[in-house]
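Residues in the sequence shown are numbered consecutively from 1, following full-length UniProt numbering. Have a look at the structure below, then the notes.
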Amino acid sequence: MNKIKSIFLILIVVTSCGTESATDKNANQNHWSYEGETGPEHWDELEKNNQCSGLFQSPINLVNFSEDKNLNPLDLHYADSTKIHSVENNGHTIKYNFEKGDYLIYNDKRFNLVQFHFHEPAEHLIEGVRYPLEIHLVHTSEEGEICVLGIMAKEGKNSEPFEFLERFLPLEQDESKLINKSFDIQSTLPENQNYFTYKGSLTTPPCTENVTWFVFKEPINVSEAQVELLRGFMPINNYRDHKPQNGRIIKLSHF
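Next up, the structure:
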């Protein structure tokens, strides 16, 4: 009987630890913001092990770069019909989550497309110019390394891909929807796919410095109304200001 009682107590403790861990994780995702005491100026104070005060942070102003004709076009393996699993408003941005299948190859390693999300206005500057919107396509390897494609958007004609994505809005904060619809992710890419590349970090906590960035030089077009729609469902100015280059090498492809 005592043995059974002991096992029961152990199960209670293990279950409690698991619940606490999940709660802590959820709290960590939500305790930072883009303003005030939990804004970007204080991100490095919010968690012990984050890298938000590191030397190789993102975003940056893409200047002092060198043109490299040896850089090849990105090795993208995107299907004509990528499956979007869900969309969510996590309180920081609108995020579309993908089912596994699409990927890019970098340094002979596969990086799976996981999700894309928005920042308004853009986070990266291109020679001092800040665009109204930036889209991040996030890819991860099995080892936990990250590649992000940054797509700038300028105000112009209506974007058909955005019209498709808008069907699943509005979303209240912390709300998510299952989609399970096919989407041509290639339709969001600019025609000219020359890109800046450098080593940096996530632009949100924990600001991990294991990210290879590929930021397209040419912006895509979205309408003013489409930018306004996204703005209505995200925190105002959900961008991190640019960080020092700190001697990092920035290259621009030319093909």
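Glycine included, C-beta positions come from ideal geometry on N, C-alpha and C.
Query raised in the report: Since ASP44 is in the beta strand (DSSP E), which residue starts that stretch and which ends it?
Result: Where ASP44 is concerned, there is no enclosing beta strand (DSSP E), although the alpha helix (DSSP H) it sits in stretches over 43-46.
Query raised in the report: Rounded to a whole number of angstroms, what is the C-alpha to C-alpha distance between GLN226 and LYS69?
Result: 35 angstroms
Report task. Use the C-beta contact count for GLN51: other C-beta atoms within 10 angstroms, 16 or more gives buried, fewer gives exposed. Result -> buried
Query raised in the report: Is there contact here, the segment 30-49 with the segment 193-202, by at least three beta-carbon pairs under 8 angstroms?
Result: no
Query raised in the report: Considering only residues of the same chain and omitting the five flanking positions on each side of LYS199, which have a CB-CB separation below 7 angstroms?
Result: PHE56, THR212 and ARG248
Query raised in the report: Taking the DSSP output, what are the residues bridged to ALA153?
Result: LEU133 and ILE220
Query raised in the report: Using a Cβ-Cβ cut-off of 6 angstroms (strictly less than) and excluding sequence neighbours within five positions of GLY156, which residues of its own chain qualify?
Result: ASN221
Query raised in the report: Below 8 angstroms between beta carbons: does that hold for GLY128 and ASN61?
Result: yes
Query raised in the report: Using 8 angstroms as the Cβ pair cut-off and three pairs as the minimum, do the segment 170-182 and the segment 236-250 touch?
Result: no
Query - Nearest residue (CA-CA) to SER120, options VAL87, ASP108, HIS136 and GLN173 - result: Reading off the sequence shown, one finds Glu at residue 120, where the question assumed Ser. Closest option to GLU120, Cα to Cα, is HIS136.
Query raised in the report: Whole-angstrom Cβ separation of SER159 and SER223, contact assumed at under 8 angstroms?
Result: 7 angstroms
**Report entry** Contact test: ASN107 Cβ vs the ligand ATP heavy atom, cutoff 7 angstroms
**Finding:** Ligands are entirely absent from the displayed structure, and the ligand ATP is therefore not among its contents.
Report task. Below 8 angstroms CB to CB, which residues in the same chain sit around PRO206 once its five sequence neighbours on both sides are set aside? Result -> GLU47, ASN49, ASN50, GLN51 and CYS52
**Report entry** HIS117 - partner residues in DSSP beta bridges
**Finding:** LYS95 and HIS136
Query raised in the report: Is PRO219 buried or exposed, if buried means 16 or more other CB atoms sit within 10 Å of its CB?
Result: buried
Query - Buried/exposed call for SER253, threshold 16 Cβ in 10 Å - result: buried
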